[in-house]
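Q: Here it is, the structure, as structure tokens.
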Ligand code: URA
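In our numbering, the protein residues as written are 707 to 969.
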């Protein structure tokens, strides 16, 4: 029979895994990843050439993950190197629970860059933003105004990303400190993609880029993000829960279309 101690230890271990985002079983049988394989002879590798260590991300002598993010983002000189820098950034807890680093989708030459919140379950599995139900609605919405993520022409194309590249456990809201840490990456992402206009979808995106929440008041209005016009809109997941708000979303799409015609 199981002792009470085993039960509480097992419960705590399970809760810890759920907190990290392991909220579903992916194999038929459990795998003990702590079990060491039989010792194998390790092939000898040539010693790597010495490389200069990166400057330590220190603030007042203490390692600062936000400073590390700033340095890693600033060093990227293309979307490819930014993606690599993000995939190699190990200082955000969210990454440990995520299957994939979700960087972007669509045409990087697009005039319009859409910025959502964070990957959900489908995006975490596929490694692409907005591929679940909200993403399908997003595609239909932009199709109404003749725009699509895979359009080859920059004027009709969309480039899509999120504030956070890792799925938060159980899709909880990102914490302010997680947003603050990752902000240099999204700012650099905007600079490198260099869109003519930005669409901020939902409260988290507005909070991160404008420092303001209250999407019901913000939506339909233009703001400035890194010197570019940025339009706030309802998040498509909100529209799935509140279909009556699609009327405002439609008005916002027309506002975007009119602005793009002037660019
Ligand atoms: N919601 C988001 O904000 N982003 C996604 O990629 C998917 C759902």
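Positions of the beta carbon are idealized from the N, C-alpha and C atoms, including for glycine.
#1: Near the ligand URA, which residues have their beta-carbon closer than 7 Å to a heavy atom?
#2: With contact counted as at least three CB pairs below 8 Å, one residue from each stretch, are the stretch 825–839 and the stretch 775–788 in contact?
#3: Could you tell me the boundaries of the alpha helix (DSSP H) in which residue 929 lies?
#4: Residues in the same chain with beta-carbon distance under 8 Å from residue 927, minus the five sequence neighbours each way, listed in chain order, please.
#5: Taking Cβ to Cβ, would you say residue 934 is nearer than 8 Å to residue 885?
#6: Extract the residue ranges of the alpha helix (DSSP H) inside the stretch 907–955, only unbroken runs of 4 or more that lie entirely within it.
#7: Are the Cβ atoms of residue 826 and residue 873 separated by less than 8 Å?
#8: Check residue 794 in the structure and name its three-state DSSP category.
#9: State buried or exposed for residue 867, treating a residue as buried only when at least 16 other CB atoms are found within 10 Å of its CB.
#10: Measuring CA to CA, which of 870, 796, 820 is closest to residue 808?
#11: What is the residue span of the beta strand (DSSP E) that residue 853 lies within?
#12: Per DSSP, residue 811 is paired with what?
#13: In whole angstroms, what is the alpha-carbon distance linking residue 814 and residue 859?
#14: Give the DSSP-derived three-state secondary structure of residue 970 in the structure shown.
#15: So, under 8 Å CB-CB, residue 847 and residue 942 are touching, yes? Tell me the CB distance rounded to an integer number of Å.
#16: Output the boundary residues of the alpha helix (DSSP H) element that contains residue 803.
#17: Quick one, are the C-beta atoms of residue 929 and residue 916 less than 8 Å apart?
A: Once the coordinates are examined:
#1: This criterion selects 808, 822, 823, 824, 825, 826, 829, 835, 836, 838, 840, 841, 868, 907, 908, 941, 943.
#2: Too few Cβ pairs lie closer than 8 Å, so no.
#3: Where residue 929 is concerned, there is no enclosing alpha helix (DSSP H), although the beta strand (DSSP E) around it starts and stops at 928–931.
#4: Excluding residues within five positions, the ones whose Cβ falls inside 8 Å are 937, 938.
#5: Result no, Cβ atoms of residue 934 and residue 885 do not sit closer than 8 Å.
#6: Contiguous alpha helix (DSSP H) elements confined to the stretch 907–955 occur at 909–916, 921–924, 942–947, taking only those with 4 or more residues.
#7: When the beta-carbon positions are compared, residue 826 and residue 873 come within less than 8 Å of each other.
#8: Secondary structure of residue 794 (DSSP, three-state): coil.
#9: Flag for residue 867 reads buried.
#10: Answer by Cα proximity: 870.
#11: No beta strand (DSSP E) contains residue 853, which DSSP labels as neither H nor E.
#12: Beta-bridge analysis with DSSP links residue 811 to 866.
#13: If I take the Cα positions, the gap works out to 11 Å.
#14: The requested residue 970 does not occur in the structure, where the chain is confined to residues 707 to 969.
#15: That belief holds up - the Cβ atoms of residue 847 and residue 942 are roughly 7 Å apart, short of 8 Å.
#16: Per DSSP, residue 803 belongs to the alpha helix (DSSP H) from 800–803.
#17: With a cutoff of 8 Å on beta-carbon distance, residue 929 and residue 916 are scored as near each other.
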